[in-house]
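**Q**
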Amino acid sequence: MKFQTSWIAFSTVARKEVGRIFRIWTQTLLPPIITQSLYFVIFGAFLGQRIGEVGGTTYAAFLVPGLVLMSVVTNAFSNVASSFFGSKFMRNIEEMLVAPVSPGVLLAGFCSGGVVRSVLVGIIVFVVSTFFVPSTFAHPWAIIVFGLLTAVIFSLFGFLNGLFARKFDDVSIIPTFVLTPLTYLGGVFYDISSLPPFWQNVARLNPLVYCVDGFRYGFSGIASTPVAESAIILTVLTVVMAGGLLWCVRRGIGLRD
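Below you can see the structure in the form of structure tokens.
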């Protein structure tokens, strides 16, 4: 009976979150297509001819996994952060808190929307990329594993932002001052193995480096960091973040202030 109650609660929250994605698809699914197309045109087609090859592949082909994953990151984060903070701002989160909904169900329900949206956008961006450069799949399992891990991690990060945000400006501060630097310094546009040793070590403090590196391995079969090590680091990060957020929700931190 408890499982059935939890499943009904989860499916209700998840259905609301996923339904929101398709209800406002012009804001959730369409903009990434335009943005990433510009990246492919400018960096892949124009600058790629001057840069040449990176890691044995053309720069345009090297760029595809990074741009796909960048769209996954931004959409997973923004979907959960804006949706959860919106629920706090409209006070309807209080209805969930008094209902028989466990913290785990609440967290999973909101994050499911971020995962679904980011995966959909990632697929759309990849399809767009095929119009600019042919893609290969060296290890499809790595694409799935690292794509989903990235979607979950940044959905959790978005939940964290929404949890502690007190006004709408707080939701936009993190993408500007945290998410954007992590993305541009995470190996999306370059191979971190080309950096000097000191900066390689600094770059490895960025979790997005492992996301991009593992995801790119799925396409090209080449990785700057051992794939198993990247997967372990991202899995541990996921567990730690989920555990910390569950503790915060149980204590009412960010919810009852």
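Quick note on the working numbering: the sequence shown kicks off at 1041 and runs consecutively.
Yeah, the Cβ is synthetic: ideal placement off N, Cα and C, and Gly gets one too.
1) Helix, strand or coil: how does DSSP classify T1075 here?
2) DSSP state of M1281, grouped into three classes?
3) Could you give the residue range of the alpha helix (DSSP H) that holds R1157?
4) Return the CA-CA distance between A1268 and G1254, expressed in angstroms with no decimal places.
5) Looking at A1182: is its Cβ nearer than 7 Å to the Cβ of G1258?
6) With a threshold of 16 other CB atoms inside 10 Å of the CB of V1228, please say whether the residue is buried or exposed.
7) If you follow the alpha helix (DSSP H) that I1184 is part of, which residue opens it and which one closes it?
8) Let me know if Q1044 comes out buried or exposed under the rule of 16 or more other beta-carbons within 10 Å of its beta-carbon.
9) Report the rounded CA-to-CA distance for S1251 versus L1189, giving the unit in angstroms.
10) Can you tell me where the alpha helix (DSSP H) with M1136 in it begins and where it stops?
11) Quick check: the region 1142-1162 against the region 1185-1205, are there 3 or more CB pairs under 8 Å?
**A** Checking against the coordinates, here is how it stands:
1) Indexing the sequence shown from 1 puts residue 1075 at position 35. Reduced to three states, the DSSP call for T1075 is helix.
2) In the sequence shown, the residue the question calls residue 1281 occupies position 241. Reduced to three states, the DSSP call for M1281 is helix.
3) Here the question's residue 1157 lines up with position 117 in the sequence shown. Counted as a single uninterrupted DSSP element, the alpha helix (DSSP H) harbouring R1157 occupies residues 1143-1169.
4) Position 228 of the sequence shown, counted from the first residue, corresponds to residue 1268. Position 214 of the sequence shown, counted from the first residue, corresponds to residue 1254. Using only the alpha carbons, I get a separation of about 9 Å.
5) For the purposes of this step, residue 1182 is taken as the residue at position 142 of the sequence shown. For the purposes of this step, residue 1258 is taken as the residue at position 218 of the sequence shown. Result yes, Cβ atoms of A1182 and G1258 sit closer than 7 Å.
6) For the purposes of this step, residue 1228 is taken as the residue at position 188 of the sequence shown. The residue is buried, with at least 16 neighbouring Cβ atoms inside 10 Å.
7) Here the question's residue 1184 lines up with position 144 in the sequence shown. Here the alpha helix (DSSP H) through I1184 covers 1180-1204.
8) One-based indexing of the sequence shown puts residue 1044 at position 4. It counts as exposed.
9) Your numbering for residue 1251 matches position 211 in the sequence shown. Your numbering for residue 1189 matches position 149 in the sequence shown. Note that residue 1251 corresponds to Cys in the displayed sequence, not to Ser. Looking at the two C-alpha atoms, the distance is approximately 8 Å.
10) As a first step, residue 1136 is located in the sequence shown; it is residue number 96 there, counting from the start. Per DSSP, M1136 belongs to the alpha helix (DSSP H) from 1133-1138.
11) yes
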